[in-house]
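Contents: one structure, followed by commentary.
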Amino acid sequence: MATFTMRVFRGDATGGGFKDYSVEPEEGMVVLDVIHKIQATQANDLACRWNCKAGKCGSCSAEVNGKPRLMCMTRMELFQPGETITVAPIRTFPLIRDLVTDVSYNYEKARQVPPLRLKPPEPDGTYRMMQEDIDRIQEFHKCIECFLCQDVCHVIRDHEDKKRAFAGPRFFIKLAGLDMHPLDTRDRSAFIKEQAGVGLCSSTRCSTEVCPEHIHITDNGIIPLKERLADNYDPIVWLLRKFRGK
Amino acid sequence: MANESYETHEHDVLVIGAGGAGLRAAIEAAAQGVSVGLVCKSLLGKAHTVMAEGGIAAAMGNVWPEDNWQVHFRDTMRGGKMLNNWRMAQLHAQEAPDRVLELERWGALFDRTKDGRILQRDFGGHRYARLAHVGDRTGLEMIRTLQYHGIHQGIDVYMECKVERLLKDGDRVVGAFGYWRNTGKFVLFKAKAIVLATGGVGKAWKVTSNSWEYTGDGQSLALWAGADLIDMEFVQFHPTGMVWPPSVRGILVTEGVRGDGGTLKNTKDERFMFNYIPEFFKGETADNEAEADRWYADKKNNRRTPDLLPRDEVARAINAEIKGGRGTAHGGVFLDICTRRPADYIRKRLPSMYHQFKELAGVDITKEPMEVGPTCHYIMGGVRVDADTTAATVKGLYAAGEVAGGMHGSNRLGGNSLSDLLVFGRRAGLYAALYAKDFGGALTVDSAQVASIARMMLEPFTRSGGENPYAIQADLQQTMQDLVGLIRTENELREAIKRIETYKQRARRTHVDGGRTYNPGWHIALDLASLLTVAECCALAALERKESRGGHTRDDHPYTDDTWGKINVVIRERQGALALSREALPEMPAELKALFQERK
Numbered sequence: 001m002a003t004f005t006m007r008v009f010r011g012d013a014t015g016g017g018f019k020d021y022s023v024e025p026e027e028g029m030v031v032l033d034v035i036h037k038i039q040a041t042q043a044n045d046l047a048c049r050w051n052c053k054a055g056k057c058g059s060c061s062a063e064v065n066g067k068p069r070l071m072c073m074t075r076m077e078l079f080q081p082g083e084t085i086t087v088a089p090i091r092t093f094p095l096i097r098d099l100v101t102d103v104s105y106n107y108e109k110a111r112q113v114p115p116l117r118l119k120p121p122e123p124d125g126t127y128r129m130m131q132e133d134i135d136r137i138q139e140f141h142k143c144i145e146c147f148l149c150q151d152v153c154h155v156i157r158d159h160e161d162k163k164r165a166f167a168g169p170r171f172f173i174k175l176a177g178l179d180m181h182p183l184d185t186r187d188r189s190a191f192i193k194e195q196a197g198v199g200l201c202s203s204t205r206c207s208t209e210v211c212p213e214h215i216h217i218t219d220n221g222i223i224p225l226k227e228r229l230a231d232n233y234d235p236i237v238w239l240l241r242k243f244r245g246k
Numbered sequence: 247m248a249n250e251s252y253e254t255h256e257h258d259v260l261v262i263g264a265g266g267a268g269l270r271a272a273i274e275a276a277a278q279g280v281s282v283g284l285v286c287k288s289l290l291g292k293a294h295t296v297m298a299e300g301g302i303a304a305a306m307g308n309v310w311p312e313d314n315w316q317v318h319f320r321d322t323m324r325g326g327k328m329l330n331n332w333r334m335a336q337l338h339a340q341e342a343p344d345r346v347l348e349l350e351r352w353g354a355l356f357d358r359t360k361d362g363r364i365l366q367r368d369f370g371g372h373r374y375a376r377l378a379h380v381g382d383r384t385g386l387e388m389i390r391t392l393q394y395h396g397i398h399q400g401i402d403v404y405m406e407c408k409v410e411r412l413l414k415d416g417d418r419v420v421g422a423f424g425y426w427r428n429t430g431k432f433v434l435f436k437a438k439a440i441v442l443a444t445g446g447v448g449k450a451w452k453v454t455s456n457s458w459e460y461t462g463d464g465q466s467l468a469l470w471a472g473a474d475l476i477d478m479e480f481v482q483f484h485p486t487g488m489v490w491p492p493s494v495r496g497i498l499v500t501e502g503v504r505g506d507g508g509t510l511k512n513t514k515d516e517r518f519m520f521n522y523i524p525e526f527f528k529g530e531t532a533d534n535e536a537e538a539d540r541w542y543a544d545k546k547n548n549r550r551t552p553d554l555l556p557r558d559e560v561a562r563a564i565n566a567e568i569k570g571g572r573g574t575a576h577g578g579v580f581l582d583i584c585t586r587r588p589a590d591y592i593r594k595r596l597p598s599m600y601h602q603f604k605e606l607a608g609v610d611i612t613k614e615p616m617e618v619g620p621t622c623h624y625i626m627g628g629v630r631v632d633a634d635t636t637a638a639t640v641k642g643l644y645a646a647g648e649v650a651g652g653m654h655g656s657n658r659l660g661g662n663s664l665s666d667l668l669v670f671g672r673r674a675g676l677y678a679a680l681y682a683k684d685f686g687g688a689l690t691v692d693s694a695q696v697a698s699i700a701r702m703m704l705e706p707f708t709r710s711g712g713e714n715p716y717a718i719q720a721d722l723q724q725t726m727q728d729l730v731g732l733i734r735t736e737n738e739l740r741e742a743i744k745r746i747e748t749y750k751q752r753a754r755r756t757h758v759d760g761g762r763t764y765n766p767g768w769h770i771a772l773d774l775a776s777l778l779t780v781a782e783c784c785a786l787a788a789l790e791r792k793e794s795r796g797g798h799t800r801d802d803h804p805y806t807d808d809t810w811g812k813i814n815v816v817i818r819e820r821q822g823a824l825a826l827s828r829e830a831l832p833e834m835p836a837e838l839k840a841l842f843q844e845r846k
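So the protein sequences, as listed, match chains A and B.
For the first sequence, position 148 matches number 148 in the numbering used here, and the numbering has no gaps at all.
Heads up, the numbering used here is the position in the second sequence plus 246, with the first residue counted as 1.
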């Protein structure tokens, strides 16, 4: 196998540029392995986030050859031998250093999401839920908060003015999951419309395409959320739905 | 630079670590009406708990009504080879079901039984199907639920912040000093009570399922503050980590694969676990394949498959197969579920395993067996705590989750970790808050203590031409892998201790390039202090315990010894040196002892 050339962004908010590193390949390597090897041997201070190295924690998001990806799940075998591979930080969020960005926007949005409001339990104090009623929501709960969907969302990326009243795809599926939760009784219509700004989403499926968990963000989350929002203007439909737990 | 100003935050309770235990502790402390700070090294929701796969052990009896806390307690104690703190094991078994139901009320969606209750799955060492789960991503569901519940409880969260040292005023803990990873700036926390929930030490080994965060921070913070550690020799090597390709070696393969019907095989296609049933578990383990296979559906008339013996037994068996020449070319054995369960079932029950093998190893687990081998996973030992209150042996200090010792004895059963986090996380938050409410006198931090820590932290920037911190870490990992692994001997342990001493020397000469803004070289250099400390504790305790039990196997003392079965090895720091002592294990009351007589 030929030596890899990795072109890695180095810099901070004041500026920076790409720097080339040569790395000896090993079988089965992923992009994150190469970054770790560069850290250990060539650039101790190369900043990057990671934790699980198995696609479960969503820490190592970056743009690899321009495509938003998890570095730990991107195998080097994807690339042609001798190809120069570019690794850049996700560009929607402010740069801290090298591959690390300030994703606090997402944590602020998370805090705004109105939480579950439980209906009363069964006489024995517990709850019953049927598997078929939660399958869809379990899909949303697969989200690892890598924020790649937020990274590619053009509203967040290109519209600084609209960002404040917009939650982004990650929180649309969070909201959809809460709204469809069989035990929930809260009406989030106004929040979804006004603070989360679901109407700004043009449903082009860019978030679905980059989701490493293959969650159908647009089709199963955002579109039903918009439809429910329309239905929820009819209070009878809303009440019926909450009553039936669906 | 050491005289620079630093920001100061004050809380009644400061929780260090935001995995399951830390989040649960913070939520409980906040519920007591005190001010709570929660510090974590990574972003919120990325802690190790997120990687837990199989489930939360709790005797809810949803699948097997025969299950109850006594059976769970008994399984836990036997899995730990009776070295557990009995009171912790009792509280854990009694309270786990309530903690699971509480998660459900906070929004968690576990897989369901046909009648709409929480489904429970089989796991190693558990008599009944007992693990509440969500496919094979239970940890993600748990941490996300706690995270989204926690952010509405008025807790101040300090993300990407690392605590370097605890601060004391006389004999009590009064704060913590550390830095923001983003900026490298110092931060001081004044706190009446501190809860350690920092997890484990697995980054000291080369083949490990643990992330960069697992550097023994909490164990070391406690030790340096004068608290006792116990049972540090007991390290769990999970039997099934990935072995191929090299870059994924050590990544966890859930025990749920075996819980859902998978079986271990050697290269001769033998289900070799039948050859490794220890005397201790003979009465409850099937000795033939037909009975083992019937057990999944009929637990009343059949004994459990040996594929689901406790993890220490399975890891040793795999190791013996590989050493006996019946392992794969990549140094593993086969884990086969593809010939035993339909593809749809596998994808539904084990979606993340399917995805992980497909993406990282190019293996379709519905068509081919997995290759697996032992990987460093968990430390049973840790901070010595009071069972009911989780109080450490230093005033104002509490510990919960993996960082605490005693609950799991010499070996932890799968599924008992997530329940441990919830049960003792809650207790830690509660008792830390109560202590803080009773706190008398002024909360005074000694600025000289702070200045000396700050000075020490900046030293790697000022040395020229020193050691690469990554190289020291790699050398330590190799040494622990080779000499303080699954099977140990006196000579190898002595050699390890000698080498750790040289790494400590080298760690005092580290040099890092670059500035203080998000500089992983600096972070690793600082983490070396705790990583080397816990590695040394583990090697010293392993040398001390001259028997084999659970997660501690001595080739030169291969048998379990009843005398050692009543002793904890305790480590404390006195005048800058580590001191070991053998102390009596708390004795179980007669009514609990009786639970072990009924059924062998």
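Backbone N, C-alpha and C define an ideal beta-carbon position, used for all residues, glycine too.
Computed from a prediction, not measured in an experiment: that's the story for all the values here.
I need the DSSP call for residue i, collapsed to helix, strand or coil.
{"i": "Asn512/B", "result": "coil"}
{"i": "Glu642/B", "result": "A quick correction: the sequence has Gly, not Glu, at residue 642/B. Correct three-state label for Gly642/B: coil."}
{"i": "Ala255/B", "result": "The question names Ala, but residue 255/B in the sequence shown is His. Strand."}
{"i": "Ala248/B", "result": "Any answer about Ala248/B is weak, because its pLDDT of 49 lies below 50 and its placement is not dependable; what the coordinates show is given next. Correct three-state label for Ala248/B: coil."}
{"i": "Lys846/B", "result": "With a pLDDT of only 45 at Lys846/B, under 50, the local geometry of the prediction cannot be trusted, and the value read off the model is given with reservation. Here Lys846/B sits in coil by DSSP."}
{"i": "Gly370/B", "result": "coil"}
{"i": "Met599/B", "result": "helix"}
{"i": "Asp692/B", "result": "coil"}
{"i": "Cys153/A", "result": "coil"}
{"i": "Leu475/B", "result": "strand"}
{"i": "Ile440/B", "result": "strand"}
{"i": "His395/B", "result": "helix"}
{"i": "Tyr105/A", "result": "helix"}
Thinking just about the alpha-carbon of each residue, which of the options is nearest to the one in residue i?
{"i": "Leu118/A", "options": "Glu350/B, Arg363/B and Phe369/B", "result": "Glu350/B"}
{"i": "Glu387/B", "options": "Tyr374/B, Phe356/B and Gly628/B", "result": "Phe356/B"}
{"i": "Gly283/B", "options": "Arg376/B, Phe435/B and Glu250/B", "result": "Phe435/B"}
{"i": "Asp851/B", "options": "Ile364/B, Gly325/B and Asn331/B", "result": "Lying outside 247 to 846, the shown extent of chain B, residue 851/B is not represented and no answer is given."}
{"i": "Gly300/B", "options": "Lys528/B, Tyr542/B, His379/B and Gln695/B", "result": "His379/B"}
{"i": "His141/A", "options": "Leu70/A, Arg188/A, Cys206/A and Cys211/A", "result": "Cys211/A"}
{"i": "Pro615/B", "options": "Val640/B, Thr639/B, Arg587/B and Thr636/B", "result": "Arg587/B"}
{"i": "Glu635/B", "options": "Glu747/B, Gly671/B, Lys839/B and Thr295/B", "result": "Going by the sequence as given, residue 635/B is Thr instead of Glu. Comparing Cα positions, the closest option is Gly671/B."}
{"i": "Lys594/B", "options": "Gln336/B, Gly381/B and Lys292/B", "result": "Gly381/B"}
{"i": "Ala13/A", "options": "Arg97/A, Ala190/A and Cys48/A", "result": "Arg97/A"}
{"i": "Ala439/B", "options": "Ala825/B, Ala276/B, Leu826/B and Thr809/B", "result": "Ala276/B"}
Would you verify that the beta carbon of residue i is, or is not, closer than 9 Å to some beta carbon of chain B?
{"i": "Cys206/A", "result": "no"}
{"i": "Pro115/A", "result": "yes"}
{"i": "Ala40/A", "result": "yes"}
{"i": "Leu46/A", "result": "yes"}
{"i": "Ile144/A", "result": "yes"}
{"i": "Tyr105/A", "result": "no"}
{"i": "Met130/A", "result": "yes"}
{"i": "Asn51/A", "result": "yes"}
{"i": "Val8/A", "result": "no"}
{"i": "Gly58/A", "result": "yes"}
{"i": "Lys246/A", "result": "Note that Lys246/A scores a pLDDT of 49, beneath 50, so its modelled location is shaky and nothing firm can be said."}
Give the C-beta separation of residue i and residue j to the nearest angstrom, bearing in mind that I take them to be a contact with Cβ-Cβ under 8 Å.
{"i": "Gly464/B", "j": "Val259/B", "result": "The pair is not a contact, with the Cβ atoms about 15 Å apart (cut-off 8 Å)."}
{"i": "Phe447/B", "j": "Val780/B", "result": "It should be noted that the sequence gives Val, not Phe, for residue 447/B. Indeed, because the Cβ distance is near 4 Å, the residues count as touching under 8 Å."}
Hey, does residue i have any beta-carbon neighbour from chain A nearer than 9 Å?
{"i": "Glu501/B", "result": "no"}
{"i": "Lys846/B", "result": "Bear in mind that the predicted position of Lys846/B carries a pLDDT of just 45, short of 50, making it unreliable; the figure below should be weighed with that in mind. No, its Cβ sits nowhere closer than 9 Å to a Cβ of chain A."}
{"i": "Val494/B", "result": "yes"}
{"i": "Gln482/B", "result": "no"}
Is residue i near the ligand ADP - that is, is its Cβ less than 8 Å away from at least one heavy atom of it?
{"i": "Ala176/A", "result": "For the structure depicted, the ligand ADP is absent and the ligand set is empty, with no information on it obtainable."}
Any chance the segment 637-656 of chain B sits against the segment 615-629 of chain B, with 3 or more Cβ pairs inside 8 Å? Judged by Cβ distances under 8 Å, the segment 637-656 of chain B makes contact with the segment 615-629 of chain B, as three or more pairs qualify.
Pair every Cβ in the segment 76-85 of chain A with every Cβ in the segment 747-762 of chain B, then say whether three or more of these pairs are closer than 8 Å. The segment 76-85 of chain A is not in contact with the segment 747-762 of chain B.
Count Cβ pairs between the segment 299-314 of chain B and the segment 66-81 of chain A that sit closer than 8 Å; are there 3 or more? The segment 299-314 of chain B makes no contact with the segment 66-81 of chain A: fewer than 3 CB pairs, one atom from each, lie closer than 8 Å.
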